[in-house]
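These protein sequence lines map, in sequence, to chains A and B.
With the first letter of the first sequence counted as 1, position 23 gets the number 23 in this note's numbering; the numbers rise by one all the way through.
Counting from 1 along the second sequence, just add 106 to a position and that's the residue number in this note's numbering.
For every residue, glycine included, the Cβ atom is placed at its ideal position computed from N, Cα and C.
Computed from a predicted model, the values in this text were never measured in an experiment.
Report on the following structure.
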Amino acid sequence: MTKITYITHDNKNHTIDVQNGLTVMEGAVQNDIPGIDADCGGGMACATCHVYVNEGWFDKLPFKEDGEEDMLDMAFEPKKNSRLSCQIIVSDDLDGLIVNIPSKQG
Amino acid sequence: MNKTDALIIGAGPTGLFTAHQLKLIGLNCEIVDNLDKIGGQCIELYPDKPIYDIPAVPECTGEELTNNLINQIKPFNIKFHLSERVDEVKKEGGNWIVKTNNGTIFQTPNVIIAGGVGSFEPRKFPVKECEKFENKSVFYSIRDKNIFKGKTVTIFGGGDSALDWAVELSKNSNVNLVHRRDDFRGAQATVDKVHELAKEGKINLYTKYQMTLIEGEKQLESIDIKSDDKDVKTLKTDYALGFFGLIMQLGPIANWGLNIDKKTIEVDTEKFETNQKGIYAVGDICTYPGKLKLILSGFHEGALAARACFKLARPNEKYRFEFTTSSKTIKDRLGVKSD
């Protein structure tokens, strides 16, 4: 189990134990954290699981695969620290990861 | 007024197979979809991605699956109403009166919602004030390119739509192209063309910029764009065009008096009927204990909903269960020879 903190747009912190091997998106959806729609179910095809990765963590995450940056073009208000949470796989290395959920997904 | 035994909302795999099941048991149906093409998410989101869990099909892409389903319903000549969104569903006697945003009206005892995660709508600019100018000087698709002649047009986006329109409109308009990063995801030939036109001064290219402000009294006057390094530029412009792809929205379905839980519609597992008699939900948009969001579940749900439709469409007839392998009636409907 790895602790992930999701900060929703209303500034509420949700710290959840997420099973290793799941994605950050699945951790949010399974725990009913609002603001992650994940319309395509993790297929990197919809850009509705967009998160901002907390400073300090962004560079520690495995690099984006081809296609993620393309999908982020369509995300709502993408920033430099934007990621698709369906592409971040939870592992011990991510213990303490903090992500911010945008005000909307589209 | 189009009278039909059942109206299907959504032309994705579940909607298509539900149509097949309706026609097979002798009911008429028509299909409405907000996309301009058949196939739903399979065609819009992942046409090239392989799917491995369609029964008896070890591997196929979203596009192949769609084409096979279209082939499967070919004998039936089903009428599609594409690029139309159902806006209103109202009860009138024993029928539902269904209206689309194009003004098409249906009268039917059965409405089957096979809407996936909702209808595909263009993604809009995050800047809220853009709404004020929408369909006047802010557009997310182009119907008549002639209105841009001699004007300044600011295009946002990095995919094929944005690039194709930047190239096309640069012939007769002053074009700004704004994108959030240096890389474009459009076809390489078009990307090269855009860079060439930028070099010739025919397109003003602003990469690593995004819109932060839109201004104008009645008419759009200017747009502020801001770079990653916080540099702000004000662009005078007559029009702003955004091409950020599509997003799925539940839309008007939310107003039809159905029990909705987390963007899905509650149904029973006998008829896949909602809390409204004669309105069914099948595929990803429906929910019930144990629901799996798989295409194969949608097929099963559609088959059962189709049988439920029979009762309301043919109240004086008895439904007879038949196999396609042996039924002469079904073979006639399919237009295949009986043994």
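Here R291 (chain B) carries a coil assignment [DSSP, helix/strand/coil]. Close partners of E77 (chain A) in chain B (Cβ separation under 9 Å): P232 and Q316. Counting every other CB atom within 10 Å of its CB across the protein chains shown gives G408 (chain B) a total of 16 or more, marking it as buried.
At least one beta carbon of chain A lies nearer than 8 Å to the beta carbon of D334 (chain B).
Between T370 (chain B) and T393 (chain B), the gap from beta carbon to beta carbon is short of 8 Å. In this structure, DSSP gives T313 (chain B) an extended state, which the three-state scheme calls strand. Using beta-carbon distances, E69 (chain A) counts as an interface residue toward chain B, with a partner under 8 Å.
At least one CB atom of chain B sits nearer than 8 Å to the CB of M74 (chain A). Runs of beta strand (DSSP E) with 3 or more residues, each lying fully within the region 188-244 of chain B, are found at 192-198, 201-206, 211-214, 216-219 and 225-228, listed in chain order.
Nearest neighbour of N31 (chain A) by Cα position, chosen from A:M44, A:C40, A:K64 and A:Q19, turns out to be A:Q19. Taking C-alpha positions only, L440 (chain B) is separated from E423 (chain B) by approximately 21 Å. Here I160 (chain B) is near L171 (chain B), since their CB atoms are less than 8 Å apart.
A Cβ-Cβ distance of about 5 Å is found for the pair Y345 (chain B) and V259 (chain B), placing them in contact under the 8 Å criterion. When only Cα atoms are considered, K399 (chain B) and V195 (chain B) end up about 25 Å apart. Identification of chain A residues near L341 (chain B) by a Cβ-Cβ cut-off of 7 Å yields none; the smallest Cβ-Cβ distance measures about 19 Å. Within the region 351-379 of chain B, contact with chain A at the beta-carbon level (separation under 9 Å) is assigned to G351, L352, I353, M354, Q355, K368 and K369. Residue state for D92 (chain A) is assigned as helix, using DSSP reduced to three classes. The beta carbons of G264 (chain B) and D73 (chain A) sit closer together than 8 Å.
Pairing I115 (chain B) with I218 (chain B), the inter-Cα distance amounts to about 6 Å. R83 (chain A) has A:V51 as its beta-bridge partners, per DSSP. With respect to the C-alpha of T2 (chain A), the residue from A:P102, A:Q105, A:G106 and A:L97 having the closest C-alpha is A:L97.
With a cutoff of 8 Å on beta-carbon distance, A295 (chain B) and L283 (chain B) are scored as not near each other.
With respect to I320 (chain B), L326 (chain B) sits close: the two C-beta atoms are nearer than 8 Å.
Taking the Cα positions, A272 (chain B) is about 7 Å away from I309 (chain B).
Each residue's CA atom was taken as its position, placing V338 (chain B) and D330 (chain B) some 7 Å apart. Residue-level contact by beta carbon fails for G35 (chain A) and chain B, as no gap is shorter than 8 Å.
Residue burial is scored here from C-beta neighbours: V90 (chain A) has at least 16 other C-beta atoms within 10 angstroms and is therefore classed as buried. Taking C-beta atoms under 8 Å as the contact rule, A75 (chain A) and A47 (chain A) qualify, at a distance of about 4 Å. Counting of Cβ neighbours within 10 angstroms places E136 (chain B) among the buried residues, the total reaching 16 or more. Here DSSP, grouped into helix, strand and coil, assigns K424 (chain B) to coil. Contact between G145 (chain B) and M354 (chain B) does not hold, since the beta-carbon distance rounds to 14 Å and is not under 8 Å. Contact annotation for A45 (chain A) against chain B: L151 and Y152 [CB-CB distance below 7 Å, chain order]. Interface with chain A (8 Å Cβ-Cβ cutoff): D289 (chain B) is included. Neighbours of K80 (chain A) in chain B, taken as residues whose beta carbon is under 9 Å from its own, are D334 in chain order.
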